[in-house]
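Number of protein chains: 2
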Amino acid sequence: MEDHEGLKKTGLKVTLPRLKVLSIFENSKEKHLTAEDIYKEMLGGGDEVGLATIYRVLTQFEQAGLLIRHHFESGKAVFELHDKAHHDHIVCLQCGHVTEFVNEEIEKLQTKVAEEHGFRIIEHSLIIYADSIKKPCNHKK
Amino acid sequence: MEDHEGLKKTGLKVTLPRLKVLSIFENSKEKHLTAEDIYKEMLGGGDEVGLATIYRVLTQFEQAGLLIRHHFESGKAVFELHDKAHHDHIVCLQCGHVTEFVNEEIEKLQTKVAEEHGFRIIEHSLIIYADSIKKPCNHKK
DNA sequence: ATGTATGCAAAACATTTGCACCTGG
DNA sequence: CCAGGTGCAAATGTTTTGCATACAT
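Have a look at this one:
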């Protein structure tokens, strides 16, 4: 719960909306959330907050390195905590659940390919859209 | 130029805006275009067209399998022709130019990783955001 | 003819910004 | 106290939709 530490280091003031946003990311079962998701969660929890604040806080947290912003195919931005190591994503086409994975070989190959084309990787995004082999998938129960 | 064939097969009527959109994708130097890009190109070429039509045509072409829609980090959707084999993308952070590449090893590893997690890949998107080693980069000259 | 396509304007979304008020340090 | 944060409403930028007209077959 002591998010004060991480927050303070960013130079941002420790305010209620900011603590609440972090707490939602930490306690929610779904680790990948949109601004709207968080807004609804906070309203449901009885907090008085504006959607604009959520957007501002999410952007600040992204710039501070606390969150990562993703652009999946939904048209809305999705955020997740940036506390773990880098990883890529498998999006389940049945239920939308996001599975994380890391594959060092793929990482190395990317660096090699980029070099061959005269680039140095700053960042990358690998998203696999897939059917679950088990039907129905039970990711979200 | 004979796009009539591909178009007819989709069941869509062969109209001027549709032919023109295909022609732009085929003749443009930049292969990855936004709706706005195409709109401006058509206006500049003296065509009378509505932006709404562009969006409708792009969406229909995507559904028909003639185009692929990408969501890079720009907030706008980017389209490209779907005639070539599958490939991934390197986005140049200096100029925005998109370089295409294929790496069979990466493809195979993805399939393997997906299987290990109980998935069958339907589609995937690998986007590398990178600095050009040459500065200034001369992709867009 | 007749069902589709189109252009325009208005609507629908996601996100950002201006501004007066509030609040953490 | 006061710089920075917040809520609200209005603005923005992208994409979609309703509708009357125009066009392909």
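Residue numbers (this note's numbering), protein chains in the order written: chain A, 2 to 142; chain B, 2 to 142.
For each residue, glycine too, the CB sits at the ideal point set by N, CA and C.
Whose C-alpha, out of B:A115, B:L82, B:Q95, B:L23, is nearest the C-alpha of K1 of chain B?
Outside the modelled stretch of chain B, which goes from 2 to 142, sits residue 1 of chain B, for which no answer is possible.
Can you list, in chain order, the residues of its chain with a C-beta nearer than 6 Å to that of V81 of chain A? Leave out the 5 residues immediately preceding and following it.
In the sequence under discussion, the amino acid at residue 81 of chain A is Glu, which differs from the Val named in the question. Taking C-beta separations shorter than 6 Å and ignoring five residues to either side along the sequence, the partners of E81 of chain A in its chain run K32, H33, I69, following chain order.
Let's test the definition: count the other Cβ atoms within 10 Å of the Cβ of M2 of chain B and tell me whether it reaches 16, buried, or not, exposed.
Residue placement at M2 of chain B is flagged as unreliable, the pLDDT there being 46, under the threshold of 50; the coordinate-derived value follows with that caveat. M2 of chain B should be labelled exposed.
So, helix, strand or coil for V22 of chain A, using DSSP?
Helix, per DSSP.
Quick check: is the beta carbon of V79 of chain A nearer than 7 Å to any beta carbon in chain B?
No, V79 of chain A does not count as interfacial toward chain B.
So, is the C-beta of I123 of chain B closer than 7 Å to a C-beta in chain A?
It does; some Cβ of chain A falls within 7 Å.
Going by alpha carbons, who is nearest to T100 of chain A out of A:D132, A:A36, A:L52?
When C-alpha distances from T100 of chain A are compared across A:D132, A:A36, A:L52, the shortest belongs to A:D132.
To test your reading of the DSSP string, which unbroken alpha helix (DSSP H) runs of 4 or more residues are found completely within the segment 74-124 of chain A?
Fully enclosed alpha helix (DSSP H) runs of 4 or longer: 105-117.
For E106 of chain A, which residues in chain B fall below 8 Å Cβ to Cβ?
Those within 8 Å of E106 of chain A in chain B are E106, L110.
When you check each C-beta in the segment 124-140 of chain A against every C-beta of chain B, which residues fall closer than 9 Å?
Residues E124, H125, S126, L127, I128, I129, Y130, A131, D132, S133, I134, K135, C138.
Proximal residues to C138 of chain A (C-beta, below 8 Å), its chain only, five neighbours per side dropped:
Cβ within range, chain order: C93, Q95, C96, H98.
So I134 of chain B is in the alpha helix (DSSP H); what residue range does that whole segment cover?
Here I134 of chain B belongs to no alpha helix (DSSP H), and DSSP marks it neither H nor E.
Neighbourhood of I144 of chain B by C-beta, 7 Å cutoff - its chain only, sequence neighbours within 5 removed
Outside the displayed range of chain B (2 to 142) lies residue 144 of chain B, so it cannot be described from this structure.
Pop quiz: T112 of chain B and I122 of chain B are said to be a contact at Cβ under 8 Å. What is the actual Cβ separation, rounded to whole angstroms?
The beta carbons of T112 of chain B and I122 of chain B sit about 6 Å from each other, so the pair counts as a contact at 8 Å.
Are the C-beta atoms of F26 of chain A and some chain B residue less than 7 Å apart?
For F26 of chain A, no CB of chain B lies under 7 Å from its own CB, so it is not counted at the interface with that chain.
Any beta-carbon of chain A closer than 7 Å to the one on F62 of chain B?
Closer than 7 Å: no.
Quick test of your reading: N104 of chain A and V103 of chain B, contact by CB under 8 Å. State the CB separation rounded to the nearest angstrom.
The Cβ separation is near 18 Å, so there is no contact.
Out of curiosity, what's the CA-to-CA distance linking H140 of chain A and H90 of chain A?
Roughly 14 Å separates the two Cα atoms.
Measure the C-alpha to C-alpha separation of K30 of chain A and K41 of chain A and round it to an integer number of angstroms.
Going from the Cα of K30 of chain A to the Cα of K41 of chain A covers about 15 Å.
From which residue to which residue does the alpha helix (DSSP H) around H5 of chain A run?
Run containing H5 of chain A: 5-10, per the alpha helix (DSSP H) assignment.
Check whether I107 of chain B and I128 of chain A have beta carbons under 7 Å apart
No; because the gap between Cβ atoms is not below 7 Å, this pair is not in contact.
Tell me the rounded alpha-carbon separation between K85 of chain B and H125 of chain B.
Each residue's CA atom was taken as its position, placing K85 of chain B and H125 of chain B some 16 Å apart.
Measure from the alpha carbon of A36 of chain A to the alpha carbon of each residue in A:L52, A:D48, A:K14, A:G47, then state which is nearest.
The residue with the shortest Cα to Cα distance from A36 of chain A is A:L52.
Find the residues of chain B that neighbour G45 of chain A, judging by a C-beta separation of less than 7 Å, and give them in chain order.
Within chain B, no residue comes near G45 of chain A; the closest Cβ sits about 28 Å away, beyond 7 Å.
If you draw a straight line from the C-alpha of H83 of chain B to the C-alpha of E49 of chain A, how long is it?
Straight across, the Cα-Cα distance linking H83 of chain B with E49 of chain A is about 47 Å.
DSSP three-state assignment for L13 of chain B, whether helix, strand or coil:
The three-state reading of DSSP puts L13 of chain B in coil, since its state is none of H, G, I, E or B.
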